[in-house]
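There are 2 protein chains.
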Amino acid sequence: MNQVRLGIIGIGNMGTGHCKNILQGKVPEIAITAIADRSEARRAWAKENLPETAAVYEEGKDLITAGVCDAVLIAVPHYQHPELTIYALEHGLHVMCEKPAGVYTKQVREMNEAARKSDRVFGMMFNQRTNCIYRKMHELVTGGELGAIKRVNWIVTDWYRTQSYYDSGSWRATWDGEGGGVLLNQCPHNMDLLQWICGMPKKVHAFCHNGKWHDIEVEDDVTAYLEYPNGATGVFVTTTADAPGTNRFEVTLEMGKLVCENEKLTLYKLAENERTFCKTAKGGFDKPECTVTEIETDGLNEQHMGVLKAFAGRILHGTPLVAEGVEGINGLTLSNAMHLSSWLGKGIEIPFEEDLFLEELEKRRSSSRKKEGSGVVFDTEGSY
Amino acid sequence: MNQVRLGIIGIGNMGTGHCKNILQGKVPEIAITAIADRSEARRAWAKENLPETAAVYEEGKDLITAGVCDAVLIAVPHYQHPELTIYALEHGLHVMCEKPAGVYTKQVREMNEAARKSDRVFGMMFNQRTNCIYRKMHELVTGGELGAIKRVNWIVTDWYRTQSYYDSGSWRATWDGEGGGVLLNQCPHNMDLLQWICGMPKKVHAFCHNGKWHDIEVEDDVTAYLEYPNGATGVFVTTTADAPGTNRFEVTLEMGKLVCENEKLTLYKLAENERTFCKTAKGGFDKPECTVTEIETDGLNEQHMGVLKAFAGRILHGTPLVAEGVEGINGLTLSNAMHLSSWLGKGIEIPFEEDLFLEELEKRRSSSRKKEGSGVVFDTEGSY
Chain A
1 MNQVRLGIIG
11 IGNMGTGHCK
21 NILQGKVPEI
31 AITAIADRSE
41 ARRAWAKENL
51 PETAAVYEEG
61 KDLITAGVCD
71 AVLIAVPHYQ
81 HPELTIYALE
91 HGLHVMCEKP
101 AGVYTKQVRE
111 MNEAARKSDR
121 VFGMMFNQRT
131 NCIYRKMHEL
141 VTGGELGAIK
151 RVNWIVTDWY
161 RTQSYYDSGS
171 WRATWDGEGG
181 GVLLNQCPHN
191 MDLLQWICGM
201 PKKVHAFCHN
211 GKWHDIEVED
221 DVTAYLEYPN
231 GATGVFVTTT
241 ADAPGTNRFE
251 VTLEMGKLVC
261 ENEKLTLYKL
271 AENERTFCKT
281 AKGGFDKPEC
291 TVTEIETDGL
301 NEQHMGVLKA
311 FAGRILHGTP
321 LVAEGVEGIN
331 GLTLSNAMHL
341 SSWLGKGIEI
351 PFEEDLFLEE
361 LEKRRSSSRK
371 KEGSGVVFDT
381 EGSY
Chain D
385 MNQVRLGIIG
395 IGNMGTGHCK
405 NILQGKVPEI
415 AITAIADRSE
425 ARRAWAKENL
435 PETAAVYEEG
445 KDLITAGVCD
455 AVLIAVPHYQ
465 HPELTIYALE
475 HGLHVMCEKP
485 AGVYTKQVRE
495 MNEAARKSDR
505 VFGMMFNQRT
515 NCIYRKMHEL
525 VTGGELGAIK
535 RVNWIVTDWY
545 RTQSYYDSGS
555 WRATWDGEGG
565 GVLLNQCPHN
575 MDLLQWICGM
585 PKKVHAFCHN
595 GKWHDIEVED
605 DVTAYLEYPN
615 GATGVFVTTT
625 ADAPGTNRFE
635 VTLEMGKLVC
645 ENEKLTLYKL
655 AENERTFCKT
665 AKGGFDKPEC
675 TVTEIETDGL
685 NEQHMGVLKA
695 FAGRILHGTP
705 LVAEGVEGIN
715 GLTLSNAMHL
725 SSWLGKGIEI
735 PFEEDLFLEE
745 LEKRRSSSRK
755 KEGSGVVFDT
765 EGSY
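Each protein sequence line maps, in turn, to chains A and D. Heads up: the first sequence begins at 1 in this note's numbering, then just goes up one per residue. Heads up: the second sequence begins at 385 in this note's numbering, then just goes up one per residue.
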């Protein structure tokens, strides 16, 4: 085998983007041999735009059992991610799953068990992990040279969306269709990067505001306070309504500070560990010596293509994935904890009671409002 | 009268700084005619460094009743601010009070009542209000041209202090001596600017950590979440242990965003109100047009000298103060609410129960640890 036969399940905004990239030859080790979509309009688009050899299905499960693919890319609404992933793995297909891994961790835990039992490749579409700056932050923070983390502050308010975005899909921004708002749709990348770079907090206290800026039932404005096992604290702020938004990720450590903003990574490196300095300096207002450097990276940022290339590489040559599928549960644990904290109005320890979360989610699903989607498919270029 | 005869009560770190500035002729309309300090060493310093004509007292109240001053500058530990202010006003003296206005709002409310009954000038040493950048932010945000506030984010972690700072004064960083830590000693400026520029929140949820980075009993690390009457939210983060710290104050409004960092003020101005754009734009990923400008200011930043000059100006010529004394209660209300929220582990609505706050404070005072101060007086240049 020198090319992976890929089926794409779901060709809405994201699936269509992946389709176009592959059709343009940007991932040469992958060929699209099938697509599935429940929308007649999207299937018609597929028949017009895909090679004649590509099979078109209404149901993802039919695509999976048709025997025309080695692997599937799952880009359907979030609730169906675990079910289709499990089904595909159990039918011997490799799986690349769009983010988030699912809507609630209990469901994703089952998916991870299926993946552990299977010998197939399971990857998550955490394309932001291909970004040279986040890779460098991961390397510097987890490398240990900067000492322990003391504080994290990520303001990521640049996920701007208009009302027409929310009006475009009937499942979009509903408890029943998506299981959440900005935390489930836009922030899975940030949730994943946050845990990948800084590790998992042990406690979360979040303040989510539902339909604050848009006519939607789910949250479009979130402020979360985090506590880490070593005592470090953090703040995570997001919204889809700030213009222009900010994307500033600051990590303070014992040996200095990293600031990622405007596609630059700045390192403030201390000459000595602050914890030692604090205890030994004679002057009350003394400060440790510090040098400031803009960090050079390898400049590579392959995004979705990078994730898909690595996925094909793992299948064909056993080379590393960008993100293992089973790691998807970490970011979801974070967002579930934020939702639960806000719903209950109190701080939530991690791990939290997964059954309690599900119960609270089901309450919201059962009163979820039905809406008509405009069916418009937006070009997502540069928006994820 | 063409010069104000000033008595300085308390010549520790701050009082000494004021003394030196005035002795160096930086505030020509003020002459120091008396000082008071309970420390023999500080009185000896005064006798050596002040003109022979300046009277030296042990007790502030003796200075106030001696008839040698028109005005007093109160720079003693915080608990005594209201008592001495009231005493001075009642004895016909003008008062400039160091920040914070006091330790608990109930006490400060009494001070404000005394000020309202008096015809004397009462100012607060909010020297940061003289900073051209904060003045400009105040003008732009309260001016209305940028629309309503949507979000506030102030990371002010550049109040670095070593352990030796805390060891220098027996009253420092104790519940009984100071009534708090970074919120009461370093942050009164930020609390005041926050309310001066953005108005008062209606609810505060804070996470204060006591003695997290230093051997002290009060808080040296705070993260607070704020909710404003119009629904806007905010985050305020501070500590005395981050090196190098950050001072980044971001205010997002309907018509754009202001970011104050590294002594620069940047305005991101939208071509149209985001609230209108969101509802009318056709594209799901459309964004309002935005222009970015570095805001020019008048460049003036007179700090303590500016506050003292304005104080003399008000006394001699009726010109405006930098900050009215009665406004000191606002910032203290904020920090009291943060303390109370953290003590009770829940969100606190403003106005809060002042008696409850005092009760909780007294609990902490009664078990406050006694410590010996090294008595070292640090040069505070550039540190406040």
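For glycine and all other residues, C-beta sits at the position ideal for the given N, C-alpha and C. Computed from a predicted structure; not experimentally measured.
Check: Would you say A:Ser168 faces chain D, with C-beta separation under 8 Å as the test?
Finding: yes
Next item on the list: Please say whether D:Ile392 and D:Leu477 have beta carbons closer to each other than 8 Å?
Entry: no
Next item on the list: Report buried or exposed for A:Arg369, applying the criterion of at least 16 other Cβ atoms within 10 angstroms of its Cβ.
Entry: exposed
Check: Relative to the alpha-carbon of D:Asp670, which residue among A:Tyr57, A:Thr223, A:Ser164 has its alpha-carbon at the smallest distance?
Finding: A:Ser164
Margin query: Within the continuous beta strand (DSSP E) that includes D:Phe633, where are the two ends?
Written below: 631 to 637
Check: Tell me, which residues are paired with A:Asn153 by DSSP?
Finding: A:Val235, A:Glu250
Item checked: Cross-chain neighbours of D:Asn594 in chain A, by beta carbon under 7 Å -> Neighbours of D:Asn594 on chain A: none; closest Cβ ~12 Å, over 7 Å.
Item checked: Paired residues, beta bridge with D:Thr607 - DSSP -> D:Phe591, D:Val621
Notebook entry, point to check: Under a three-way DSSP split, which group does A:Gly180 fall into?
Noted result: coil
Notebook entry, point to check: Can you tell me the Cα-Cα spacing of D:Val691 and A:Pro351, whole angstroms?
Noted result: 52 Å
Next item on the list: Give, in chain order, every unbroken run of the alpha helix (DSSP H) that is at least 4 residues long and sits entirely within the segment 462 to 503 of chain D.
Entry: 465 to 474, 489 to 501
Next item on the list: State the Cα-Cα distance for the pair D:Pro412 and D:Met689, rounded to the nearest angstrom.
Entry: 10 Å
Notebook entry, point to check: So, is the C-beta of A:Cys132 closer than 8 Å to a C-beta in chain D?
Noted result: no
Next item on the list: Would you mind sorting A:Asn330 into buried or exposed? The rule is 16 or more other CB atoms within 10 Å of its CB.
Entry: buried
Next item on the list: Can you say whether D:Asn537 is buried or exposed, counting buried as having 16 or more other CB atoms within 10 angstroms of its CB?
Entry: buried
Checklist line | Residues of the segment 189 to 218 of chain A with Cβ closer than 8 Å to any Cβ of chain D, in chain order | finding: His205, Phe207, His209, Lys212, Trp213, His214
Note to self: If the cut-off is 9 Å on Cβ atoms, which residues from the segment 262 to 296 of chain A count as contacting chain D, listed in chain order?
What the structure shows: Tyr268, Leu270, Glu274, Arg275, Phe277, Cys278, Lys279, Thr280, Ala281, Lys282, Gly283, Gly284, Phe285, Asp286, Lys287, Pro288, Cys290, Val292
Check: If we cut at 8 Å on Cβ distances, does D:Ser548 have a partner in chain A?
Finding: yes
Checklist line | Three or more C-beta pairs below 8 Å linking the segment 563 to 573 of chain D and the segment 291 to 300 of chain A | finding: no
Checklist line | Where D:Arg749 sits in the DSSP three-state scheme | finding: helix
Next item on the list: Determine the closest residue to D:Glu418 out of D:Asn685, D:Gly640, D:Ala532, D:Glu443, with distance taken between C-alpha atoms.
Entry: According to the sequence displayed, residue 418 of chain D carries Ala and not Glu. Of D:Asn685, D:Gly640, D:Ala532, D:Glu443, the residue nearest in Cα terms is D:Glu443.
Item checked: Continuous alpha helix (DSSP H) stretch holding D:Phe506: start and end -> Note, D:Phe506: premise wrong, no alpha helix (DSSP H); beta strand (DSSP E) at 506 to 508.
Item checked: Chain-order list of residues whose beta-carbon lies under 6 Å from that of A:Gln80 (same chain, five-residue window excluded) -> none
Next item on the list: Report the partner residues of A:Ile64 according to the DSSP bridge assignment.
Entry: Answer is none; A:Ile64 lacks a bridge partner.
Notebook entry, point to check: Among the residues of its own chain, which have a CB less than 8 Å from the CB of A:Leu63, if the five just before and after it don't count?
Noted result: Gly7, Ile9, Ala34, Ile35, Ala36, Ala55, Tyr57, Cys69, Val72
Item checked: Neighbour flag for D:Ile533 against chain A, beta carbons, 8 Å -> no
Next item on the list: Give the DSSP-derived three-state secondary structure of A:Ala337 in the structure shown.
Entry: helix
Check: Whose C-beta lies closer than 7 Å to the C-beta of D:His522 among residues of the same chain, with five residues either side of it excluded?
Finding: Trp580, Ile581
Check: Interface residues of chain D around A:Ile315 at Cβ under 9 Å?
Finding: Here the premise fails: no neighbours, minimum Cβ distance about 32 Å.
Check: On the premise that D:Thr514 lies in contact with D:Glu647, defined as a C-beta separation below 8 Å, what is that separation, rounded to the nearest angstrom?
Finding: Not quite, the Cβ-Cβ distance comes to about 14 Å (not below 8 Å), so this is no contact.
Check: Taking the C-alpha atoms as reference points, what is the distance between D:His598 and A:Gly373?
Finding: 56 Å
Next item on the list: Go ahead and label A:Thr238 buried or exposed: buried means 16 or more other beta carbons lie within 10 angstroms of its beta carbon, across all protein chains shown.
Entry: buried
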